[in-house]
Amino acid sequence: METPFVFGKIATEKNFTDREQETAVLVQSFTSLINTIIISPRRWGKSSLVNKAAKQAMQHDDRLRICHIDLFNVRNEEHFYSLLAQKVIAATSSKWEEAIENAKTFFSHLIPKISIGSDPANEVSIDFDWNEVKRSPDEILDLAEKIARTKNLKIVVCVDEFQNIAEFTDPDYFQKKLRSHWQQHQHVAYCLYGSKRHMMLEVFTDSSKPFYKFGNLMFLNKIETSCLMAFFSSRFADTGKNITAEASRLIADLTDNHPYYAQQLAQLSWLRTKDVCTVDIVREAHTALVQQLSLLFVTITETLTTQQLNYLKALLAGEKNISSADVMHRYQISSTTSIARSRVALVKNDVLDNQAGVYSFQDPIYAYWLKTQYFE
Ligand SMILES: Nc1ncnc2c1ncn2[C@@H]1O[C@H](COP(=O)(O)OP(=O)(O)OP(=O)(O)O)[C@@H](O)[C@H]1O
Ligand SMILES: [Mg+2]
């Protein structure tokens with residue numbers, strides 16, 4: 089039997105819950121060509137949300153084309169440009185013959201090198217002579233606008249893991265170049281999203297940076313307990329099983345409403361359930377999940393300094409005023425400078441999330457493991 093939960097893949101259709109308001113806002117932004125920036129920690133559902141809104145928006149508006157670019161393994165400008173050209177052309181062509189035609193007609197200075205995969209269903213791949221692109225990147229940066237105008241289309245370019253452009257050589261210059269082109273586009277909008285909150289915030293909210301005030305900022309939240317409970321219940325019912333309300337609530341609590349972990353724990357609980365999933369089954373599944381991840385957690389913990397661990401211990405104990413002399417003494421934190429340094433490092437390596445000065449664990453299962461196994 090097919091399992092009813094999905095994690096690590098884009099959540100669609102029945103696997104997607106909640107986010108109604110966010111979906112509506114995004115659909116509206118896409119169809120009205122408003123630039124949008126989405127920020128959330130890893131695995132909270134950015135890609136799933138953009139995917140859902142993109143499909144809905146294209147159903148509403150048959151002139152709208154949406155292309156998706158993922159920068160997760162893109163480390164230089166060269167790669168970025170060829171991906172951008174390729175995806176824009178693919179999204180605006182219905183067959184590969186048209187893609188080749190477009191690649192030929194929409195460039196006048198650059199000469200695209202076109203290759204087609206052995207399987208005709210494959211996308212057409214487009215490359216350029218890098219020295220040429222360096223001299224005139226404009227044609228690629230304005231490609232979407234040019235195609236949209238010529239073909240009477242509206243285009244939204246979605247760029248995932250956008251913070252990666254901060255790792256290109258001379259990122260400020262590159263960002264300036266992007267912004268100066270993109271802000272002139274009338275028929276194209278951009279949806280830029282990523283999971284490194286601190287880097288995304290730096291790119292979009294620092295008034296000295298080129299992308300300052302580029303578009304609407306959307307901070308994604310976790311999924312509400314009531315939505316998760318209804319979701320678990322209906323997914324269990326779809327497969328002829330049941331789950332008690334207490335058990336559903338416990339899954340949400342133990343995963344701190346983290347969308348990915350909520351689905352994973354629900355799945356492990358479902359696998360252990362014959363008829364009705366109870367609180368006991370969820371606890372058993374949770375123990376198995378923590379066990380499964382413990383090796384990974386040991387590896388993460390080995391990279392942390394003693395001062396960082398002391399700080400995390402105080403945070404996990406729920407200490408409200410960590411910088412007070414008493415708390416610092418009890419947890420052997422050497423100074424307030426040490427606290428500040430630990431915070432910066434822990435946010436940078438994604439252990440913590442900083443929401444306007446409130447620090448919380450990005451990974452609820454890691455927090456649980458530290459608290460109940462490592463520090464015990
Ligand atoms: N709306 C949703 N309803 C139910 N589950 C969801 C939803 N959004 C995300 N999830 C769960 O979270 C997982 C991660 O979602 P997704 O890949 O969209 O997140 P992301 O923020 O893009 O992650 P990453 O930072 O790794 O790119 C999904 O596989 C699914 O299990
Ligand atoms: Mg994603």
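Be aware that the sequence shown starts at 89, since it is given in the numbering used here, and climbs by one per residue.
Yeah, the Cβ is synthetic: ideal placement off N, Cα and C, and Gly gets one too.
Bridge partner(s) assigned by DSSP for residue i
i	result
R485	This structure leaves residue 485 out entirely; the chain is present only between 89 and 464.
I339	According to DSSP, which records beta bridges pairwise, I339 is partnered with nothing at all.
D441	S448
M306	I126
S497	Nothing about residue 497 can be reported from this structure: the residues present for the chain run from 89 to 464 only.
A277	V244
I331	C365
D158	D248
G282	I127
Classification of residue i by the beta-carbon crowding that lies within 10 angstroms, buried from 16 upward
i	result
G328	exposed
Y399	buried
R163	exposed
L440	buried
D248	buried
S322	exposed
K436	exposed
E390	exposed
H374	buried
H346	buried
Y278	buried
E90	exposed
G96	exposed
I199	exposed
T393	exposed
A444	exposed
A467	Only positions 89 to 464 of the chain appear in this structure, which leaves residue 467 out of reach.
Y454	buried
K212	Sequence inspection shows Val at residue 212; the Lys mentioned does not correspond to that position. Buried, since its Cβ has 16 or more Cβ neighbours within 10 Å.
A428	exposed
K301	exposed
V245	buried
K201	exposed
E101	exposed
V446	exposed
Nearest-angstrom Cβ-Cβ length linking residue i and residue j, presumed shorter than 8 Å
i	j	result
T105	I311	6 Å
A179	C155	4 Å
G282	I127	7 Å
L353	L377	6 Å
F160	A141	About 20 Å separates the two Cβ atoms, so there is no contact after all.
F319	L404	With a Cβ gap of about 28 Å, F319 and L404 do not count as contacting.
S430	Q396	5 Å
S181	F216	Rounded, the Cβ-Cβ distance is 18 Å, inconsistent with contact.
V367	A335	5 Å
N139	I98	5 Å
K175	I157	5 Å
Q450	R130	7 Å
K134	L308	6 Å
T343	P452	6 Å
Q263	M287	Not quite, the Cβ-Cβ distance comes to about 12 Å (not below 8 Å), so this is no contact.
K143	F194	K143 to F194, Cβ: 26 Å. No contact.
L305	I125	5 Å
A402	Y419	4 Å
V370	I339	6 Å
F168	W358	Not confirmed; about 41 Å, so no contact.
V298	R267	One detail in the question is off: residue 298 reads as Pro in this sequence, not Val. Going by Cβ atoms, the distance from P298 to R267 rounds to 4 Å, so yes, they are a contact pair.
I214	I177	7 Å
Short CB-CB distance (under 7 Å) between residue i and chain C
i	result
K175	Absence of chain C from the displayed structure is noted, only one protein chain being present.
Checklist entry - Which residues count as close to ligand 2 when the rule is a CB under 6 Å from any of its heavy atoms, in chain order? => result K134, S135, D248
Next on the checklist: If contact is defined by three or more beta carbon pairs under 8 Å, each pair taking one atom from either stretch, is the segment 280-298 in contact with the segment 313-333?
Outcome noted: no
Checklist entry - Is there contact here, the segment 181-190 with the segment 216-225, by at least three beta-carbon pairs under 8 Å? => result no
Checklist entry - Do the segment 227-237 and the segment 265-284 meet, that is, are 3 or more Cβ pairs less than 8 Å apart? => result yes
Checklist entry - Counting Cβ pairs, one atom from each stretch, are 3 or more of them under 8 Å apart for the segment 234-243 and the segment 144-161? => result yes
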